[in-house]
Structures are given as C-alpha cells and as structure tokens.
Amino acid sequence: MSKQVIQVQNLKKSYPLPKGKGKFEAVKGISFEVMNGEIFGILGPNGAGKTTTLEIMESLKQQSSGKVEVLGFDNLSKGEEIKKRIGVQLQSSEYFPLLSLGELLDLFASLYGRKADRKKLLSLVGLEEKEHGQVKNLSGGQKQRFTIATSLVNDPDIIFLDEPTTGLDPSARRKMWALIKQINESGITVVITTHYMEEAEYLCNRVAILDEGKILKIDEPKKLIENLSDTTQVSFLINEAIDKKIFSGMPSIEKIYDKPPKIILEINSLDHINKIMEALRQNKVAFSGFTVKTASLEDVYLDLTGHEFEQTNGNPHA
Numbered sequence: 189m190s191k192q193v194i195q196v197q198n199l200k201k202s203y204p205l206p207k208g209k210g211k212f213e214a215v216k217g218i219s220f221e222v223m224n225g226e227i228f229g230i231l232g233p234n235g236a237g238k239t240t241t242l243e244i245m246e247s248l249k250q251q252s253s254g255k256v257e258v259l260g261f262d263n264l265s266k267g268e269e270i271k272k273r274i275g276v277q278l279q280s281s282e283y284f285p286l287l288s289l290g291e292l293l294d295l296f297a298s299l300y301g302r303k304a305d306r307k308k309l310l311s312l313v314g315l316e317e318k319e320h321g322q323v324k325n326l327s328g329g330q331k332q333r334f335t336i337a338t339s340l341v342n343d344p345d346i347i348f349l350d351e352p353t354t355g356l357d358p359s360a361r362r363k364m365w366a367l368i369k370q371i372n373e374s375g376i377t378v379v380i381t382t383h384y385m386e387e388a389e390y391l392c393n394r395v396a397i398l399d400e401g402k403i404l405k406i407d408e409p410k411k412l413i414e415n416l417s418d419t420t421q422v423s424f425l426i427n428e429a430i431d432k433k434i435f436s437g438m439p440s441i442e443k444i445y446d447k448p449p450k451i452i453l454e455i456n457s458l459d460h461i462n463k464i465m466e467a468l469r470q471n472k473v474a475f476s477g478f479t480v481k482t483a484s485l486e487d488v489y490l491d492l493t494g495h496e497f498e499q500t501n502g503n504p505h506a
C-alpha cells in the first residue's frame, strides 16, 4: 500500500481586508492527503483557493491555522527541508534574459549544490536543441516545458505544478500532458492545480474539487463520474424565462438547473428527449443550442454546487 507523502489537516488561510473591514477567507478548513507516486489534482475555478493551498504546501506561504506535513516535515518548522526535496512550477516565471537555457539550468542546480544534467533535462522536455538558446525565443509551450525542467534540477520526490497548461493551445497542452505522465512514471509524485476539467480527467489518479475555499469531494475522476453515470445532460439556450411545469409528466428528469439564458436538465433516460423538445415547441419557447451529452467532471461540479464551472482567465491567484 502506498504511503502518504503529504498530509493536510483543517487548513485555513485568511487575508486582512483593506480599511480594517475584517478578513477574507481564501481557504476554509480543508483536509486531504497525497499518496506516494500518484498524480493528485486540485480542481476548481479561478479564485477557489488552489494556488494558496499549493503555496502553503511548498512552504512559500504560512497558513492561518491547520497542519501541513510534506514528506514527513512540518511546513512551518521544517520548510527549508521540504524545499530541498520538492520541485515547483509557478504560474508565471521570469529568467535572466542573457543566459542560455543550459546556463539557467546550471544556475538553478547550483542553488542545491548540484551540477545540472543539461542534456538529460532538456531532452526530457523536448528542448535538447535549445540548450544554447534564450528563453525569450521560446514559444509559450516551450517556456512552460522549460520551467518544468528547472523544477527537476534537484531530483525531487514531489513536483508541484500550478496551472501548467494555462494559455497553451490544444496541441501544446497535450504535449504537456504527455510530459507530466512521463515524469510521474519515473517515480515522482505530482500535485497539479487546474481549472480544465478534461485535464483533471485525463491526468489525475484522484482529484479534490475545490470551490470558494472548501473541498466538495475527493475521489478518482472515474468514480466521481460513475456516481452520475445513469444521468445524461440536456442543455439549451432560451431568450425568456420558462415555467418548469412544462416538463411535468416526465419522470426521467431528475434535476432542472434554471440559469437563463441556459437551461440544463439531468435525465436518467433518453426516452423523453423528443418529449422535451415537443414541450418547448408546444409552449412556444424559442430555444437554440440543444445538446445532449453523457456525464463528465463538469457535471459532477454542477451537481455539487448547483452552478456551472466557468473556465475563465481571471485572477491568477486562484
């Protein structure tokens, strides 16, 4: 059985509001553990508390209360020991502009009293031909992969990735997914924050769904979805509010999320799809964008919160 490498117990983090107006609670008493060798995801919208939680585990911030242990070390009293044994990829990074990629790896490795294996690290992230190039000449995806290379110079036991694919196009995102899988298969535990549902589904052994500073659920993505596997989501757009009574007499409809201009129905049978459309037409409801799809992590989030997951590019300190 895998051992725990991270333990978080009743973690809270508050920030003072301006003009003495109290405190803002970014993290509200969350608890979880990360097992050795897994990819553990913290999934939530921007502003949910993901980055704050990550930075506390990395010993970059101190919690207001609660207990955090990483690799058996307390984050408050043994933060420097933790930093020696982990790798960190921040949401954004800046580098000395005149140094080459190889020289930057040497610099980061020297901070740990090590010598960087330039070729091995750059080959791992697909940048072996860029050893003598500069970061300013890299594409967005290449820069993100190089940042991961810098986080591996100390041969860490755990690597923390904060929104590693934000801003990347679909092709670059999938290359990053393959790299993260490869790193994990080499024996490194991965903790990743993301607001991309499909990313969490594809990469993570387990996910913690975080919303407004609270963990709503922790489990394997497959198991979370299986709990909704007997439901199908029907959604459509409307111009005006509708009376939900038009769907009476359709027992297959389990839930109705009425968030104009979008209406979402959770149904346990496909038999009533035509009846749903007919009810809309008979009641002269103008609708568009009628879609039918099976359950996903997005539906899990909807079921837990009552509102849709908004994948936006808002506050970077999510």
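Just so we're aligned: the sequence shown equals residues 189 to 506 in the numbering used here.
Glycine is no exception: its CB is placed at the ideal position from the N, C-alpha and C atoms.
Would residue i and residue j qualify as a contact pair, given that the criterion is a beta-carbon distance under 9 Å?
i	j	result
leucine 293	histidine 320	no
isoleucine 406	tyrosine 489	no
isoleucine 444	asparagine 471	no
glutamate 496	isoleucine 464	no
leucine 391	isoleucine 434	no
asparagine 342	isoleucine 227	no
lysine 266	glutamine 197	no
lysine 209	serine 202	no
proline 285	valine 323	yes
State the CB to CB distance for the pair residue i and residue j, rounded to an integer number of angstroms; the pair is presumed to be in contact (CB under 8 Å).
i	j	result
glutamine 421	aspartate 487	6 Å
glycine 494	leucine 425	At roughly 19 Å, the Cβ-Cβ gap does not stay under 8 Å, so glycine 494 and leucine 425 are not in contact.
valine 276	serine 359	That belief does not hold up - the Cβ atoms of valine 276 and serine 359 are roughly 26 Å apart, past 8 Å.
serine 484	methionine 364	Not a contact, Cβ separation roughly 20 Å.
aspartate 350	leucine 242	5 Å
threonine 335	serine 247	Incorrect: roughly 19 Å between the Cβ atoms, too far for contact.
glutamate 316	lysine 307	6 Å
valine 480	leucine 231	Wrong, their Cβ atoms sit about 24 Å apart, outside the cutoff.
threonine 353	glutamate 389	About 13 Å separates the two Cβ atoms, so there is no contact after all.
glycine 328	glycine 225	Actually they do not touch by this definition, with Cβ atoms about 30 Å apart.
glutamate 408	asparagine 393	7 Å
asparagine 263	isoleucine 270	6 Å
Measuring CA to CA, which of the options is closest to residue i?
i	options	result
serine 311	Pro439, Leu367, Gly494, Ile244	Leu367
isoleucine 380	Gln279, Lys266, Lys255, Glu454	Gln279
isoleucine 455	Ser440, Lys463, Tyr390	Ser440
glycine 229	Met438, Lys463, Lys369, Lys331	Lys369
glutamate 400	Phe497, Ala236, Ser202	Ala236
glutamate 221	Ile403, Val473, Ser253	Ile403
methionine 245	Glu282, Ile461, Phe348, Phe497	Phe348
lysine 272	Asn234, Ser327, Phe296	Phe296
aspartate 357	Gln332, Ile461, Ile336, Lys238	Gln332
leucine 492	Leu412, Met438, Gly267, Phe475	Leu412
lysine 200	Gly208, Pro206, Lys209, Ile218	Ile218
threonine 482	Cys392, Asn415, Asn342, Asp446	Asn415
serine 436	Glu466, Thr240, Ile376	Glu466
glutamine 251	Gly314, Lys216, His383	Lys216
leucine 309	Gly301, Ala214, Arg394, Glu291	Glu291
threonine 419	Tyr300, Ser327, Ser457	Ser457
glycine 355	Val378, Thr382, Gly375	Thr382
threonine 239	Ala214, Leu299, Gly210	Ala214
aspartate 459	Phe475, Met438, Pro233, Arg362	Met438
lysine 450	Asn393, Ile461, Phe475	Phe475
proline 448	Ser423, Tyr283, Leu287, Ile461	Ser423
arginine 362	Leu287, Ser374, Ile376, Gln330	Gln330
tyrosine 553	Glu442, Asn325, Glu268, Leu326	Residue 553 is absent from the model: the chain starts at 189 and stops at 506.
tyrosine 283	Glu442, Pro233, Thr377, Asn325	Asn325
lysine 432	Pro233, Lys410, Val473	Val473
Legend entry - Three or more C-beta pairs below 8 Å linking the segment 257-267 and the segment 191-206: These segments touch.
Inset, instruction - Note down, one range per segment and in chain order, each alpha helix (DSSP H) of at least 4 residues found wholly within the segment 303-377. - result: For the segment 303-377, whole alpha helix (DSSP H) runs of length 4 or above, ordered along the chain, are 306-312, 328-338, 358-373.
Inset, instruction - Would you list, in sequence order, the uninterrupted alpha helix (DSSP H) runs of no fewer than 4 residues that lie entirely inside the segment 191-226? - result: For secondary structure counted as the alpha helix (DSSP H) over 4 or more consecutive residues, the segment 191-226 holds no complete run.
Inset, instruction - Can you check the segment 373-409 for any alpha helix (DSSP H) of at least 4 residues that lies completely inside it and give the ranges in chain order? - result: If you keep only unbroken alpha helix (DSSP H) runs of at least 4 residues inside the segment 373-409, you get 385-391.
Inset, instruction - Pick out the complete alpha helix (DSSP H) segments inside the segment 231-258, 4 residues or longer, and give them in chain order. - result: Annotation: the segment 231-258 contains the following complete segments of the alpha helix (DSSP H) (minimum length 4 residues), in chain order: 238-245.
Inset, instruction - Go through the segment 441-473 residue by residue and report every complete run of the beta strand (DSSP E) that reaches 3 residues or more, in order. - result: Listed in chain order, the complete beta strand (DSSP E) runs (minimum 3 residues) inside the segment 441-473 are 441-447, 450-455.
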